[in-house]
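Peer 1: Please read through the structure below; I'll follow up with questions.
Number of protein chains: 2
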Amino acid sequence: MKKTVEFFFDYISPATYFAHFLLPAIAERTGAGIIYRPFLLGGVFKESGNSSPMTTPAKAAWMIKDLERLARRHQLPFKLNHHFPFNTVQLMRGACWLADHGDLKAYSDVMFRAIWEEGRNVADEEELKDILQGLAIDPLEFLEAVSNQDIKDKLRANTDEAVRRGAFGAPTLFVGDELFWGQDRLDQVEEELNR
Amino acid sequence: MKKTVEFFFDYISPATYFAHFLLPAIAERTGAGIIYRPFLLGGVFKESGNSSPMTTPAKAAWMIKDLERLARRHQLPFKLNHHFPFNTVQLMRGACWLADHGDLKAYSDVMFRAIWEEGRNVADEEELKDILQGLAIDPLEFLEAVSNQDIKDKLRANTDEAVRRGAFGAPTLFVGDELFWGQDRLDQVEEELNR
Chain A
1350 MKKTVEFFFD YISPATYFAH FLLPAIAERT GAGIIYRPFL LGGVFKESGN
1400 SSPMTTPAKA AWMIKDLERL ARRHQLPFKL NHHFPFNTVQ LMRGACWLAD
1450 HGDLKAYSDV MFRAIWEEGR NVADEEELKD ILQGLAIDPL EFLEAVSNQD
1500 IKDKLRANTD EAVRRGAFGA PTLFVGDELF WGQDRLDQVE EELNR
Chain B
1350 MKKTVEFFFD YISPATYFAH FLLPAIAERT GAGIIYRPFL LGGVFKESGN
1400 SSPMTTPAKA AWMIKDLERL ARRHQLPFKL NHHFPFNTVQ LMRGACWLAD
1450 HGDLKAYSDV MFRAIWEEGR NVADEEELKD ILQGLAIDPL EFLEAVSNQD
1500 IKDKLRANTD EAVRRGAFGA PTLFVGDELF WGQDRLDQVE EELNR
């Protein structure tokens, strides 16, 4: 049976940007499949009692330096986004919709790049429409889908499930029941997939 | 001029156990010197507004698994300490004393092992005396030294300095003004020492 890794993500998380673009090579090396699971990081923080690293000023300052060093090390064109933080609930609902009705991986690629490479304001409806059109997604169909109660419930259910299984931040990855937190634990994910 | 890395540590931190035993090989590969700087993690949390990862139950549960995986990966005989958490202020004052009057590195080796390999209760005075005697340190001289105001002030000054320079957790390492947080950023420390 093919091994799989579940990848719980929210576009708001810069660490998750790195994990998103580093994970495919690990999947390829280990022959594992990636299951993309959108969740809402704000909900995870609230339900787990954790808080954003950005709420501690010294940690936020370190994190900015750390992200720059990660970008250099992994040779990814990461840039801080001056619109951060913003609400990603609509984007994450869109991810839930596309998981069943489109190409979620391509959508994620574009969203992570728009936010963490191009510095775009994805909370702005005109910007969002422009990005969706680049993906050949009809903005009206998208906006209708993300206001659908089933889609809202799905995002909530993913978030609740992640917290129930032990999540408290992002990215959260599972290989079976083993929880891995952070882009800096992808080496452990690979080790687990090789066991 | 020889490069140096400042290593701010507190024996209470299990992540710092790993950094302590992994750092010498990095110093050797890069030709850098290690400056051992005892500080008090509780003071760092308080002054920076950060809190122990152990205060978020889901994070604490992940951390226990993570430490086991780190031990396996680095082939270090790490074990959880069932007396944790305990007050390390006396141990850290002892480290400040030994920085000028003895072999701080040897003392740190023994303290990290006593706590994070042997599961000893270092907060117990009899256990502490036993450990000190193994280091050929006179317990009475030690206890007198750590009650000295100069030593107390030195620990406080180290802690204040670390926070002023941006510390919010442990281990905290500096190469010049660049702050690195966590045993999982030793690769960045090595990269910086090689720049």
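Keeping their order, the protein sequence lines are chains A and B.
The numbers in the numbering used here rise by one with no breaks, and the one at position 124 of the first sequence is 1473.
The numbers in the numbering used here rise by one with no breaks, and the one at position 158 of the second sequence is 1507.
Positions of the beta carbon are idealized from the N, C-alpha and C atoms, including for glycine.
All figures in this text were calculated on a predicted structure; none of them were measured in a lab.
Runs of 4 residues minimum, wholly inside the region 1439-1475 of chain A: which ones carry the alpha helix (DSSP H) assignment?
Peer 2: As far as the region 1439-1475 of chain A is concerned, its whole alpha helix (DSSP H) runs of at least 4 residues are 1453-1465.
Peer 1: Going along the chain, which residues of its own chain have a beta-carbon closer than 6 angstroms to the beta-carbon of A:P1426, five neighbours each way excluded?
Peer 2: Same-chain partners within the cutoff: E1466.
Peer 1: Classify A:L1404: buried if its beta carbon has 16 or more other beta carbons within 10 angstroms, exposed otherwise.
Peer 2: Strictly speaking, residue 1404 of chain A in this sequence is Thr, with Leu absent from that position. It counts as exposed.
Peer 1: What residues from the region 1380-1400 of chain B come within 8 angstroms of chain A, judged by C-beta to C-beta, listed N to C?
Peer 2: Within the region 1380-1400 of chain B, the qualifying residues are S1397, G1398, N1399.
Peer 1: Which residues, in order along the region 1450-1463 of chain A, keep a beta-carbon less than 7 angstroms from a beta-carbon of chain B?
Peer 2: Answer set for the region 1450-1463 of chain A: empty.
Peer 1: Provide the residue span of the beta strand (DSSP E) that contains B:R1386, from first to last.
Peer 2: From DSSP, the beta strand (DSSP E) with B:R1386 extends over 1382-1387.
Peer 1: Could I get the ranges of all uninterrupted alpha helix (DSSP H) runs contained in the region 1359-1425 of chain A, with 4 residues as the minimum, in chain order?
Peer 2: Complete alpha helix (DSSP H) runs here, min 4: 1363-1379, 1390-1397, 1406-1423.
Peer 1: Show which residues of chain B have a CB atom less than 9 angstroms away from the CB atom of A:D1533.
Peer 2: Ordered by position in chain B, the residues that pass the 9 angstroms Cβ test against A:D1533 are G1531, D1533, R1534.
Peer 1: Shorter than 8 angstroms from the beta carbon of B:V1537 to some beta carbon of chain A?
Peer 2: Checking the displayed sequence, the identity of residue 1537 of chain B turns out to be Gln instead of Val. Closer than 8 angstroms: yes.
Peer 1: Rounded to the nearest angstrom, how far is the Cβ of B:R1442 from that of B:K1501, given a contact under 8 angstroms?
Peer 2: The pair is a contact, with the Cβ atoms about 6 angstroms apart (cut-off 8 angstroms).
Peer 1: Which residues of chain B have a Cβ atom closer than 8 angstroms to the Cβ of A:G1525, listed in chain order?
Peer 2: Per Cβ cutoff of 8 angstroms: no residues; A:G1525 is ~13 angstroms from chain B at best.
Peer 1: With a cut-off of 8 angstroms, does the C-beta of A:V1505 fall near any C-beta of chain B?
Peer 2: In the sequence on display, residue 1505 of chain A carries Arg and not Val. No, A:R1505 does not count as interfacial toward chain B.
Peer 1: Across the region 1482-1498 of chain B and the region 1367-1379 of chain A, are there enough close Cβ pairs to call them in contact, namely three or more that are closer than 8 angstroms?
Peer 2: Verdict: no, contact absent.
Peer 1: For B:F1491, list the residues DSSP reports as bridge partners.
Peer 2: Partner(s): none; B:F1491 has no beta bridge.
Peer 1: Would you list, in chain order, the members of the region 1408-1420 of chain A that have their beta-carbon closer than 8 angstroms to a beta-carbon of chain B?
Peer 2: Listed by position along the chain: K1408, A1410, W1411, K1414, D1415, R1418.
Peer 1: Check whether the region 1394-1409 of chain A and the region 1457-1466 of chain A are in contact - that is, three or more C-beta pairs closer than 8 angstroms.
Peer 2: These segments do not touch.
Peer 1: Can you pull the chain B neighbours of A:F1356, defined as C-beta to C-beta under 9 angstroms?
Peer 2: By Cβ distance, chain B contributes nothing, its closest Cβ being about 16 angstroms from A:F1356, past 9 angstroms.
Peer 1: Within a Cβ cutoff of 8 angstroms, which residues of the same chain sit near A:A1516, ignoring the five residues on either side of it in sequence?
Peer 2: So the list reads F1357, F1388, V1393, S1397, L1528, W1530, once near-sequence residues are dropped.
Peer 1: When you compare the CB positions of B:I1384 and B:T1365, do they come within less than 8 angstroms of one another, or not?
Peer 2: For B:I1384 and B:T1365, no; Cβs fall outside 8 angstroms.
Peer 1: Closer than 7 angstroms by beta-carbon distance: list the chain A residues that pair up with B:A1368, in chain order.
Peer 2: Here the premise fails: no neighbours, minimum Cβ distance about 14 angstroms.
Peer 1: Chain A partners of B:F1517, CB-CB under 8 angstroms?
Peer 2: T1405, A1407, K1408, W1411, listed in chain order.
Peer 1: Counting C-beta neighbours from all protein chains within 10 Å, is the total for B:F1433 16 or more, i.e. buried, or is it exposed?
Peer 2: The residue is exposed, with fewer than 16 neighbouring Cβ atoms inside 10 Å.
Peer 1: Look at the alpha carbon of B:P1545 and the alpha carbon of B:D1359, and state the distance between them as a whole number of angstroms.
Peer 2: What is shown of chain B runs 1350 to 1544, which leaves residue 1545 of chain B out entirely.
Peer 1: Go to A:L1528, then tell me how far its beta strand (DSSP E) extends in each direction, as first and last residue.
Peer 2: Element bounds for A:L1528: 1527-1530.
Peer 1: Less than 8 angstroms between CB atoms is the rule here; does B:L1372 satisfy it with respect to chain A?
Peer 2: Chain A, which has no Cβ nearer than 8 angstroms to the Cβ of B:L1372, makes this no.
Peer 1: Spatial neighbours of B:F1367 within its chain, please: C-beta separation below 6 angstroms, excluding the five flanking residues on both sides.
Peer 2: Result list for B:F1367: L1419, Q1532, in chain order.
Peer 1: Determine, for A:L1429, whether the minimum Cβ-Cβ distance to residues of chain B falls below 8 angstroms.
Peer 2: Not closer than 8 angstroms to any Cβ of chain B, the Cβ of A:L1429 fails to qualify, so no.
Peer 1: Since B:L1528 meets chain A, which of its residues come closer than 8 angstroms, beta carbon to beta carbon?
Peer 2: Neighbours of B:L1528 on chain A, chain order: W1411, K1414.
Peer 1: Return helix, strand or coil for A:L1522, following the three-state DSSP convention.
Peer 2: A:L1522: strand per DSSP, three-state reduction.
Peer 1: Taking the alpha-carbon of B:N1507 as reference, which of B:P1406, B:V1538, B:V1438 has the nearest alpha-carbon?
Peer 2: The shortest C-alpha separation from B:N1507 is found at B:V1438.
Peer 1: Mind checking whether B:L1447 and B:L1453 have CB atoms under 8 angstroms apart?
Peer 2: Yes. Within cutoff.
Peer 1: Tell me A:V1538's beta-bridge partners as DSSP assigns them.
Peer 2: Partner(s): none; A:V1538 has no beta bridge.
Peer 1: How big is the Cα-Cα spacing for B:E1476 and B:S1496?
Peer 2: Approximately 18 angstroms, taken between the alpha carbons.
Peer 1: How long is the line joining the alpha carbons of B:V1471 and A:K1351, rounded to whole angstroms?
Peer 2: Near 47 angstroms, if we compare the C-alpha coordinates of A:K1351 and B:V1471.
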